[in-house]
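Inspection log for the structure reproduced underneath, given as structure tokens.
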Amino acid sequence: METLDNVLTRRSANRLTGPAPDDAELEVLLKAAMTAPDHGRLLPWRLVTLRGEDRVELGRCLAGLAADDPGARERAAAKPLRAPLLLAIVFSPVDHPKVQRWEQLAATAAVVHTLSLLLHDRGYASIWRTGPATEDSGVRGLHGLGPEEQLLGWLYAGTSIVAAPPRRPYEVGPRLIALADIAGPN
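Numbering-wise (the numbering used here), the sequence shown opens with residue 1 and increments by one.
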């Protein structure tokens, strides 16, 4: 697939099934994703894979956070089962004199986005899911987060059950502005 076509056709897919990449294929894709911009090559992130019973355990944690309603707990427990593979995105900032925290967070997002494009290129689909559960101490403990780390959500990965809808076209319009137009004549 051409890079431009890959970028233009990738969509978040909220209905996923198997197959998902196995560990060997995921490692290949991750090595490629790691070429995303990362000032100082600090690698300020890590991914935790959740498959099978690990997804069920996450569901138990989410159910414990749900409202005191059996239906809400059941729906929360089922959330991690909506894809065969979840990748917990853990931001692990590095203390560095030149590379600020925001830049490391941007590098983490770039890796995840690149990985989602690579998954799409291989015929898989994904969606990045977040929510207040990322701050829960039980969920943080399940993922082995340290005190300075932040759970940025999960990249759900697998094969899309439904075809991706066409994307609404964007107009560049006022988003692309020449500096000369801002600064005015010299």
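Where is the CB? At the ideal position from N, CA and C, for every residue including glycine. A quick note: this is a predicted structure, and the numbers were derived from the prediction, not measured.
- The shortest C-alpha to C-alpha distance from A125 to any of N6, R11, E2, V7 is the one to R11.
- When DSSP states are grouped into helix, strand and coil, S12 belongs to the strand group.
- Shown here, I182 sits in a helix according to DSSP, grouped into three states.
- For S92, the secondary structure class from DSSP, reduced to helix, strand or coil, is coil.
- With fewer than 16 other Cβ atoms from the protein chains shown falling within 10 Å of its own Cβ, Y170 counts as exposed.
- Inclusion of S160 and L16 in the CB contact set at 8 Å is warranted, their separation being smaller than that value.
- With respect to the C-alpha of A88, the residue from P185, I177, V111 having the closest C-alpha is V111.
- Within the stretch 61 to 148, the complete alpha helix (DSSP H) runs of at least 4 residues fall at 70 to 78, 101 to 121, 137 to 142.
- In the structure shown, G40 falls within a helical segment according to DSSP collapsed to helix, strand and coil.
- Comparing C-alpha distances from L105 to each of H39, L176, R51 shows the shortest one belongs to H39.
- The Cβ atoms of W154 and L86 lie closer than 8 Å to each other.
- The Cβ neighbour count for S137, taken over all protein chains shown within 10 Å, is under 16; the residue is labelled exposed.
- Scanning its chain for C-beta atoms nearer than 7 Å, with the 5 sequence neighbours on each side dropped, one finds around M34 the residues V111, in chain order.
- In this structure, P93 and G158 do not form a Cβ contact; the two beta carbons are roughly 30 Å apart against a cut-off of 8 Å.
- In the structure shown, G52 falls within a coil segment according to DSSP collapsed to helix, strand and coil.
- No Cβ-Cβ contact shorter than 8 Å links E149 with V56.
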